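Accompanying notes for the structure given below.
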Amino acid sequence: MDIKEILSHLTETAGVSGDEYAVSVLAADILGEYGEASADRNTGCVYFKRSGWEKDKPVVLLDAHIDEIGMIVTYITDDGFLKVSGCGGLDNRVLLAQQVTVCGREKLIGIVTSTPPHLEKDSSMAPETEDIYIDIGLSGERARELVDLGDRVLIENCLAELQGGRVTSKALDDRSGMAAIIFALDKLKDKKLAVNVAVLFSSQEEIGERGAQIGAYSIDPDMAVVVDVSFAKTHGESPENCGELGGGPMIGIAPSLSRRLSEDMLRIARENHIPYQTEVMGGKTGTNADAIGIIRGGVPAVTVSIPERYMHTPAEVVEISDIENTAELIAEFLESV
Amino acid sequence: MINELKDLCLLDGISGDEGQVREYIISRIKDKAEIKVDALGNVIAFVKGKNRSKNRVMISAHMDEVGMIVTYINEDGTLKLSPVGGIDPRVVFGRRVTVGKNNAVGVIGGTAVHNLSAEDRKKSVPFDKMTADIGCKSREDAQKLVSPGDSVRFVSDFVSFGDGYVKCKAIDDRVGCAVMLRLIDEGLEYDAYFTFVVQEEIGLRGAKCAAYTVDPDYALVIEATTAADIPEVSGDSKVCVLGGGPVISFMDRHTVYDKELYALAFETAKGNGIPCQTKTRVAGGNDAGAIHVSRGGVRTCAVSLPCRYLHSPSCVIRESDLENAYILTRFLLDRTCNR
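From first to last, the protein sequence lines stand for chains F and B.
Anchor point for the first sequence: position 224 equals 224 in my numbering, and the numbering is continuous, going up by one each time.
To get my numbering, take the position in the second sequence, counting from 1, and add 337.
Have a look at this one:
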């Protein structure tokens, strides 16, 4: 199985929060090889039960979110420019003069407007999303024919290889997590496990972990492993605040997580010589684990995060070895429970 | 012409590193012109027309584009940058780039927005806080691929969108190069000097030397100029508009243009039914600034294409303006030669 190829397909497909169905169909198709998978048109979530599901075995949920950050059309001006609002925490510092795709009745190319220097004396401030327009090169009348309010807008950027086994793309947050889960299932193919493995590729994480909340309720798991991305050190940053690219999965320890599961993960990583890092958080985790931990009567949860640079930009960077080691850790974990 | 513009825009030619563009242009016109490459790398081409020109006329466009240059390789393998030409740092952060002779793919990054203070999140990222990240894990690794002084260029596709618009990097000033190549292809009425010059974006340097060498009576500069015809900008602040035809300036930050040529351009446009506009602000500047004060002075006119988001990886022009700029330039060149 070629992780880069899977990751390339997953990242190139549009799935801004609340509009994930296209990527859900793709992901369900990939998961179908390992069990029973379905894409839910209503919620955008992908539900999966691994082959060999038996009624009385405990259920381990593997979660990664399927949505990506983007924008949403809120208004069309008389001269055909689009106003937008953020859909997830897009890094506004990348916006000016970006090429975007408007996912309207047909896909349209647009450019984020940028005020030229003769009118803009101060380039030290990042723009607010509400201050930009999308230039789609159409009259107001044509724009209204092709674009509806509520259409999603995203910055496309296909997967490209960097040096050092690293890759860059949009939406590596959290398609990398999805790829790690798929790769873990691939490693365990045809193996008998003591647990049922459920996968949830959850929608709407970037706007408040909503897909995870309803998806995990439906699955009703006994424990959960949440696979997301977390901060890798960039130039000039302190190692106290970040992981390292290439350092292996970042195992979460936090008051909101199951300490037992965190310790299991650390032990399994050590026993199997899987490189890992710890990520200690003082309260909640900012991931789906926050929502999944408190569904129904409560679910023990742990985070396993893939280190990533430049989060929430179209130029996110991860190292393939971290995805592989994350998959390895998840597979070993599932074999040990 | 639009296909040639695409080929030209996708070539990389940061100021001082215009080799790819120069080679392309030479290969295109080598059978149609007497070509000289000067000490700075300007291409100076004498093109024969059907008739001898009454005046020595120089028509000029610049080959270089804005970008960045590697100034230092950090210990962690990331690269420090300096802008080459006037770039708003806000159009650089988060972009994909290629670096150096080996075309190493990289991204321009910095601290993740989540890890900044509330105050810093609102600010743009200045050049000294950005790095190019080509994936290398150490200085030693990076040194195998890149060196200080390497060019850093935007990766930006050439795309058509909307109602006859195109977007790419480097449209400033490959549009000028495209117009001039087509003029040569279609044959001239009068002999003329075609100069494809270097280092415009860092101070009109190539044009100064090319104009000295050619020693023209008249000069036409073919350029791209800022259009601000976007929402919340009105009246004179728009400067010029896409779809309004080529732009003839009376004055910009470097040049007061020759009054007779200015009038001649409008008269020529009107007489031939070509849409044409002027700039409603004294803004911007181009190689005319160096050419019109060359030696004892050169009578100079600029024909510019209105361009949104100039000096970004997403320059936008309208195809109809390109066509009209070509037609106007063709007439204007003939009339200037025959004055």
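Idealized CB from N, CA, C, for every residue including glycine.
Remember, predicted model here, so these are calculated numbers, not experimental data.
- Cutoff 7 angstroms: D67 (chain F) Cβ touching any chain B Cβ: Here residue 67 (chain F) corresponds to residue number 67 of the first sequence, with the count starting at 1. No, its Cβ sits nowhere closer than 7 angstroms to a Cβ of chain B.
- chain F beta carbons: is any one of them nearer than 7 angstroms to that of N440 (chain B)? For the purposes of this step, residue 440 (chain B) is taken as the residue at position 103 of the second sequence. No, because no Cβ of chain F sits closer than 7 angstroms to the Cβ of N440 (chain B).
- Task: Give the single residue among B:A600, B:R672, B:N623 and B:V407 whose Cα lies nearest to the Cα of E526 (chain B).
- Result: For the purposes of this step, residue 526 (chain B) is taken as the residue at position 189 of the second sequence. Here the closest residue by C-alpha is B:R672.
- Item | 9 angstroms Cβ cut-off: residues of chain F touching A376 (chain B) | As a first step, residue 376 (chain B) must be located in the second sequence, where it is residue number 39. Near A376 (chain B) there are no residues of chain F at all, since even the closest Cβ is about 32 angstroms away, more than 9 angstroms.
- How is M588 (chain B) classed by DSSP in three states: helix, strand or coil? Residue mapping note: residue 588 (chain B) aligns to position 251 of the second sequence, counting from 1. It is a strand residue.
- Query: Between A557 (chain B) and I664 (chain B), is the Cβ-Cβ spacing less than 7 angstroms?
  - Reply: In the second sequence, residue 557 (chain B) corresponds to position 220, counting from 1. In the second sequence, residue 664 (chain B) corresponds to position 327, counting from 1. Sequence check: residue 557 (chain B) is Leu here, not Ala. No, Cβ-Cβ distance for L557 (chain B) and I664 (chain B) is not below 7 angstroms.
- Test: P568 (chain B) CB closer than 7 angstroms to a CB of chain F: Walking along the second sequence from the start, residue 568 (chain B) turns up at place 231. Answer yes: the Cβ-Cβ gap between P568 (chain B) and chain F drops below 7 angstroms somewhere.
- For D522 (chain B), does the three-state DSSP call read helix, strand or coil? Here residue 522 (chain B) is taken as the residue at index 185 of the second sequence, counted from 1. Helix, per DSSP.
- Item | Straight-line Cα distance separating D67 (chain F) from C473 (chain B) | Start at 1 with the first residue of the second sequence, and residue 473 (chain B) comes out as number 136. Start at 1 with the first residue of the first sequence, and residue 67 (chain F) comes out as number 67. C473 (chain B) and D67 (chain F): Cα-Cα distance of roughly 29 angstroms.
- Query: Is there a Cβ from chain B that is less than 7 angstroms from the Cβ of L119 (chain F)?
  - Reply: Residue mapping note: residue 119 (chain F) aligns to position 119 of the first sequence, counting from 1. L119 (chain F) counts as touching chain B.
- Message: What does the Cβ neighbour count give for I339 (chain B), buried or exposed, with the cut at 16 atoms within 10 Å?
- Response: Translated into the one-based positions of the second sequence, residue 339 (chain B) becomes position 2. Classification of I339 (chain B): exposed, given that the 10 Å Cβ count is below 16.
- Is K504 (chain B) close to chain F, meaning its C-beta is less than 7 angstroms from at least one C-beta of that chain? Start at 1 with the first residue of the second sequence, and residue 504 (chain B) comes out as number 167. Yes - at least one Cβ of chain F is within 7 angstroms of the one on K504 (chain B).
- chain F contact for G472 (chain B) (CB, 7 angstroms cutoff): Residue 472 (chain B) sits at position 135 when you count from the first residue of the second sequence. At least one chain F Cβ lies under 7 angstroms of G472 (chain B).
- Query: For F231 (chain F), is the classification buried or exposed, using 16 other Cβ atoms within 10 angstroms of its Cβ as the cut-off for buried?
  - Reply: Looking up residue 231 (chain F) in the first sequence gives position 231. Buried.
- Unbroken alpha helix (DSSP H) run spanning G80 (chain F), endpoints: Start at 1 with the first residue of the first sequence, and residue 80 (chain F) comes out as number 80. Unbroken run through G80 (chain F): none, as it is neither H nor E.
- Which two residues bound the contiguous alpha helix (DSSP H) that contains K607 (chain B)? Taking the second sequence and counting its residues from 1, the one referred to as residue 607 (chain B) is at position 270. Start and end: K596 to G608.
- Output yes or no for whether 7 angstroms exceeds the beta carbon distance between S114 (chain F) and S649 (chain B). The residue you call residue 114 (chain F) lines up with position 114 of the first sequence. The residue you call residue 649 (chain B) lines up with position 312 of the second sequence. Contact flag set, yes.
- is_contact[V635 (chain B), chain F] using C-beta, thresh 7 angstroms: Translated into positions along the second sequence, residue 635 (chain B) becomes position 298. Not an interface residue.
- Message: Residues of the segment 237-267 of chain F in Cβ contact with chain B at a cutoff of 9 angstroms, in chain order, please.
- Response: E237, N241, C242, L245 and G246
- Item | Proximal residues of chain D, C-beta to C-beta of N157 (chain F) below 7 angstroms | The structure shown contains no chain D; its protein chains are F and B.
- Task: Could you work out which residue in B:R389, B:V444 and B:H629 is closest to M311 (chain F) when comparing CA atoms only?
- Result: Reading the first sequence from its first residue, position 311 is the one you call residue 311 (chain F). Residue B:V444 is the option with its Cα nearest to M311 (chain F).
- Task: Measure the C-alpha to C-alpha separation of L579 (chain B) and K616 (chain B) and round it to an integer number of angstroms.
- Result: Locating residue 579 (chain B) in the second sequence gives position 242, where the first residue counts as 1. Locating residue 616 (chain B) in the second sequence gives position 279, where the first residue counts as 1. Approximately 12 angstroms, taken between the alpha carbons.
- Query: Y75 (chain F) touches chain B at which residues, Cβ-Cβ below 8 angstroms?
  - Reply: One-based indexing of the first sequence puts residue 75 (chain F) at position 75. Per Cβ cutoff of 8 angstroms: no residues; Y75 (chain F) is ~10 angstroms from chain B at best.
- Would you list the residues sitting across from H312 (chain F) in a DSSP beta bridge? In the first sequence, counting from the first residue as 1, residue 312 (chain F) sits at position 312. In DSSP, H312 (chain F) forms no bridge with anything.
- Item | Sequence-distant residues of the same chain with beta carbon closer than 6 angstroms to A171 (chain F), five excluded per side | Position 171 of the first sequence, counted from the start, is the residue given in the question as residue 171 (chain F). Within the same chain, A171 (chain F) has close Cβ partners T11 and E68.
- Query: If the cut is a Cβ gap below 7 angstroms, which residues of chain B does Y133 (chain F) touch?
  - Reply: Taking the first residue of the first sequence as position 1, residue 133 (chain F) is located at position 133. Residues of chain B passing the Cβ test: I567 and P568.
- Query: Is the distance from the Cβ of I410 (chain B) to the Cβ of L418 (chain B) below 7 angstroms?
  - Reply: Start at 1 with the first residue of the second sequence, and residue 410 (chain B) comes out as number 73. Start at 1 with the first residue of the second sequence, and residue 418 (chain B) comes out as number 81. No.
- Query: Buried or exposed: H235 (chain F), going by 16 or more other Cβ atoms within 10 Å of its Cβ?
  - Reply: Translated into the one-based positions of the first sequence, residue 235 (chain F) becomes position 235. That one is buried.
- By a C-beta neighbour count over all protein chains shown, 10 Å radius and 16 as the cutoff for buried, is Y549 (chain B) buried or exposed? Residue numbering aside, residue 549 (chain B) sits at position 212 when the second sequence is read from its first letter. Exposed: under 16 other Cβ atoms inside 10 Å.
- Run through the segment 57-131 of chain F for me and flag every whole beta strand (DSSP E) of 3 or more residues, listed as ranges in chain order. 59-65, 70-76, 81-87, 99-103 and 107-112
- Quick one, which of F:K49, F:L245, F:S305 and F:E244 has its alpha-carbon nearest S262 (chain F)'s? Sequence index remark: in the first sequence, residue 262 (chain F) carries index 262 (1-based). That would be F:S305, whose Cα lies nearest to the Cα of S262 (chain F).
- Task: Would you mind giving the Cβ-Cβ distance between A561 (chain B) and C652 (chain B), rounded to the nearest angstrom? I have them listed as a contact below 8 angstroms.
- Result: Taking the second sequence and counting its residues from 1, one reaches residue 561 (chain B) at position 224. Taking the second sequence and counting its residues from 1, one reaches residue 652 (chain B) at position 315. Right, their Cβ atoms sit about 7 angstroms apart.
- Message: Taking 7 angstroms as the threshold (C-beta atoms), are P314 (chain F) and L245 (chain F) in contact?
- Response: For this step, residue 245 (chain F) is matched to residue 245 along the first sequence. For this step, residue 314 (chain F) is matched to residue 314 along the first sequence. Contact flag unset, no.
- State the Cα-Cα distance for the pair T352 (chain F) and G89 (chain F), rounded to the nearest angstrom. Not covered by the structure: residue 352 (chain F). The range shown for chain F is 1 to 337.
- Indicate whether V317 (chain F) and R175 (chain F) have their beta-carbon atoms separated by less than 7 angstroms. Stepping through the first sequence from its first residue, residue 317 (chain F) is reached at position 317. Stepping through the first sequence from its first residue, residue 175 (chain F) is reached at position 175. Contact: no.
- Going along chain F, which residues have a C-beta under 7 angstroms from V558 (chain B)? Here residue 558 (chain B) refers to the residue found at position 221 of the second sequence. Those do not exist, as V558 (chain B) stays about 19 angstroms from chain F at its closest Cβ, beyond 7 angstroms.
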